[in-house]
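Residue numbers (our numbering), protein chains in the order written: chain A, 435 to 552; chain B, 270 to 380. Ideal Cβ positions, reconstructed from N, Cα and C, are used throughout, including at glycine. Here the structure comes first, spelled out in structure tokens, and everything after it is commentary.
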Amino acid sequence: GAVVSQHPSWVICKSGTSVKIECRSLDFQATTMFWYRQFPKQSLMLMATSNEGSKATYEQGVEKDKFLINHASLTLSTLTVTSAHPEDSSFYICSASPSIVASTDTQYFGPGTRLTVL
Amino acid sequence: DAKTTQPPSMDCAEGRAANLPCNHSTISGNEYVYWYRQIHSQGPQYIIHGLKNNETNEMASLIITEDRKSSTLILPHATLRDTAVYYCIVRVVWAGNMLTFGGGTRLMVKP
């Protein structure tokens, strides 16, 4: 299957600082990538849809000024958590699909980034 | 996208087949059934998907009922490494359509 990587795999930061998380599609190009967040013992919740060359689309309740998304190329999307606070501590996961053909469109996920804000 | 209903947890003996059910009674004709699993502290892993025919790959088999209102994921010979949360998701497939995750089934494979 297609490979999606994330960096860093974990990060610890102080409250008030900003953290950038990278999501890369290693062996395919993706015009669209997705960012999810997962709190302990909960399911994944979609945060935003990242579109190459245009603005991201955020889900209801997700602050776009706090979670900045940049999809600068067909293989890279970044999520920046600005002025992070302890409640932003979570597992952040990205996904992308190598196919634009409907019948074979399959999302592949990165390994996730564990963010801990002290 | 249609909602799905899965049992919250299941146990399976190592080496035996694990049969994970999923109800999706409101599925539409253009919605596919997808299965993913998430091992603790990792990103979800794609397993299999189908529209109406049964599907099989190196990981699992997917059995979809004729009315498409339910499906079963079968892991033919479960191992301890198959212990994970399994998510059944139905979605209209087009480029850019995201996945909506429900609660999933926590499968515990026991020695």
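Excluding five sequence positions before and after Ser452(A), the CB atoms of its chain that fall closer than 8 Å to its own CB belong to Thr514, Val515, Thr516, Ser517 and Ala518, given in chain order. With its beta carbon at least 8 Å from every one in chain A, His346(B) lies outside the interface. Assigned with DSSP and collapsed to three states, Pro520(A) falls in helix. No residue range can be given for Val362(B), since it is assigned to no beta strand (DSSP E) and is classified by DSSP as neither H nor E. DSSP places Leu513(A) inside the beta strand (DSSP E), whose first and last residues are Leu510 to Val515. Of all residues in the stretch 470–498 of chain A, only Ser477, Leu478, Leu480 and Thr483 come within less than 7 Å of chain B when Cβ atoms are compared, listed by chain position. Within the same chain, Ser439, Thr509 and Leu510 come within 6 Å of Arg458(A) by CB-CB distance, once the 5 residues on both sides are set aside.
With contacts defined by Cβ atoms closer than 8 Å, Tyr492(A) and Met479(A) do not form a contacting pair. Annotated three-state conformation of Asp280(B) is strand, per DSSP.
In this structure the stretch 271–290 of chain B lies against the stretch 338–355 of chain B, because at least three pairs of beta carbons, one per stretch, are closer than 8 Å.
Secondary structure at Leu349(B): helix, using DSSP grouped into helix, strand and coil.
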